[in-house]
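A.B. asks: Residue numbers (our numbering): 18 to 397. Just dropping this structure here.
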Amino acid sequence: MPVKKIRIGILSSGGDCAGINPAIKWVVKTALDERVRAERGIHYEVVGIKDGWEGLVQPVPAPEYLISLDPEVVRTWDRYGGTMLGTSRTNPYDPKNDRSRLVLNNIDKLGLDVLIAVGGDDTMGVAHKLGTEGINVIGIPKTIDKDLCETDYTLGFETAVDVITQEVDRLRTTAGSHKRIFVVETMGRHAGWLALEGGESSGAYIILIPEHDFSVDKVNELVLEGRRAGTRYDIILAAEGAKPAGSAEFTREERLDAFGHKMLGGIGEFLARQIEDGTGLETRSVVLSHLQRGGAPCAYDRRMGRYFGIAAVDLVNMRDFGKMVCYRDGRMTTCALEKVVGRLKQVDVTRLYDVERYNGRRTILTPDYAHREESGTGKC
Ligand code: F6P
Numbered sequence: 018m019p020v021k022k023i024r025i026g027i028l029s030s031g032g033d034c035a036g037i038n039p040a041i042k043w044v045v046k047t048a049l050d051e052r053v054r055a056e057r058g059i060h061y062e063v064v065g066i067k068d069g070w071e072g073l074v075q076p077v078p079a080p081e082y083l084i085s086l087d088p089e090v091v092r093t094w095d096r097y098g099g100t101m102l103g104t105s106r107t108n109p110y111d112p113k114n115d116r117s118r119l120v121l122n123n124i125d126k127l128g129l130d131v132l133i134a135v136g137g138d139d140t141m142g143v144a145h146k147l148g149t150e151g152i153n154v155i156g157i158p159k160t161i162d163k164d165l166c167e168t169d170y171t172l173g174f175e176t177a178v179d180v181i182t183q184e185v186d187r188l189r190t191t192a193g194s195h196k197r198i199f200v201v202e203t204m205g206r207h208a209g210w211l212a213l214e215g216g217e218s219s220g221a222y223i224i225l226i227p228e229h230d231f232s233v234d235k236v237n238e239l240v241l242e243g244r245r246a247g248t249r250y251d252i253i254l255a256a257e258g259a260k261p262a263g264s265a266e267f268t269r270e271e272r273l274d275a276f277g278h279k280m281l282g283g284i285g286e287f288l289a290r291q292i293e294d295g296t297g298l299e300t301r302s303v304v305l306s307h308l309q310r311g312g313a314p315c316a317y318d319r320r321m322g323r324y325f326g327i328a329a330v331d332l333v334n335m336r337d338f339g340k341m342v343c344y345r346d347g348r349m350t351t352c353a354l355e356k357v358v359g360r361l362k363q364v365d366v367t368r369l370y371d372v373e374r375y376n377g378r379r380t381i382l383t384p385d386y387a388h389r390e391e392s393g394t395g396k397c
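Take a look at the structure:
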């Protein structure tokens, strides 16, 4: 059987996070698996593109942005956080500096048959546009914000939740010793998943999310209520995009990034001052910031990176392009990129958030649980 050669390009783009490296490793290992190469009759080659779309907006293919990947090169990558390929927030379709023609030219010159992009909403948006221009694209979801539609998981999220949990554990001893309140600011621009699930994991007393504007008076009431009940200290988690009703989001810089995003930050310190003024209790703020994106991937991110990477190569084998691999309802699946871009998966406040306590839900089973139990397969 004649062997067909297929060249896959892979890049990571947008904010880095844990879990990207495992995905890259498993794309490479699966594509170059000797045992299945014979069965497929396809000889894959994988080229890593460095620094996200920046590596493809060069005037001509630039060798310093390229790395040939094989199982030996990527062997240990899944143990490390960040992305070994580097990343950037470069937007080839930036209306102020459209360099999409350069990307198309470089893909052509490099002879890339397929391009796999590991990223969040912005990256999927670029991949989708390239898809409409005839490029065979596949997306792998990653973002610690977990705000991509059509997938229940995005790489980096669980590691970030672990970081939040560990940092809050550390804060508890000092908060308790000094009888202080700590407001911990997490990432999460428009979606409160990190604050909510990080707060649930770490047992925060109050959790504030972008999906539900809060009242400072109510926060102070809850804090005083806790004190009356005998609490020595409190941990309050606030997503960077959380805000008091009637106020705009807090920004740390005026400028927008290449995808038009505001750089958020400041809600933690604002709230700490409001609590101290309103309750008379000593209050400090901590911004977890990029610590949440750092560190080695947790076990779940290593496994999910592996599954997403393998599924991406499955799509290449099936020549099913313009898709993002997804994890939905407990199964690996896919969806069209166009269904993902420009949408945002936010916390469903009615189902998952307690607006009275500013915290996670206290009811989990919905009234139809008995019916769902009955209609199960009965198999374990
Ligand atoms: O989009 C992911 C994210 O981690 C957001 O939660 C946060 O606002 C942003 O990235 C920070 O981006 P940068 O690394 O460019 O400061």
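Glycine is no exception: its CB is placed at the ideal position from the N, C-alpha and C atoms. A quick note: this is a predicted structure, and the numbers were derived from the prediction, not measured.
(1) Grab the span of the beta strand (DSSP E) containing V64 for me, first residue to last.
(2) Y82 lies in the alpha helix (DSSP H); which residues open and close that run?
(3) Could you tell me if the beta carbon of I181 falls within a distance shorter than 7 Å of some heavy atom in the ligand F6P?
(4) Where DSSP assigns a beta bridge to Y370, which residues make up the other side?
(5) Would the region 340 to 359 count as touching the region 188 to 199 if we require 3 or more Cβ pairs under 8 Å?
(6) At which residues does the alpha helix (DSSP H) containing T47 begin and terminate?
(7) Per DSSP, P384 is paired with what?
(8) So what does I157 bridge to, in DSSP terms?
(9) Could you please give me the residues that DSSP links to V303 through a beta bridge?
(10) Given a cut-off of 8 Å, decide if I66 and L102 are closer than it, judged by their beta-carbon atoms.
(11) What is the residue span of the beta strand (DSSP E) that M280 lies within?
(12) Restricting to runs no shorter than 3 residues, where is the beta strand (DSSP E) found entirely within the region 174 to 243?
(13) Of the choices L361, R336, G377, whose alpha-carbon is the least far from that of V154?
(14) If distances are taken between C-alpha atoms only, which option among S264, E373, A275, T93 comes closest to S105?
(15) If you draw a straight line from the C-alpha of D371 to the C-alpha of R360, how long is it?
(16) In or out: S302 buried (at least 16 other Cβ within 10 Å) or exposed?
(17) Under 7 Å, CB to any heavy atom of the ligand F6P. Which residues pass, going along the chain?
(18) Rounded C-beta distance between I133 and I157? I'm assuming under 8 Å.
C.D. replies: This is what the structure holds:
(1) 59 to 66
(2) Here Y82 belongs to no alpha helix (DSSP H), and DSSP marks it neither H nor E.
(3) no
(4) G377
(5) no
(6) 37 to 48
(7) Beta-bridge pairing links P384 to no other residue.
(8) V135
(9) V201
(10) yes
(11) 279 to 281
(12) 198 to 203, 223 to 225
(13) R336
(14) A275
(15) 24 Å
(16) buried
(17) G31, G32, R106, G137, T160, I161, D162, M204, G205, R206, E257, D274, M280, L281, H307, R310
(18) 6 Å
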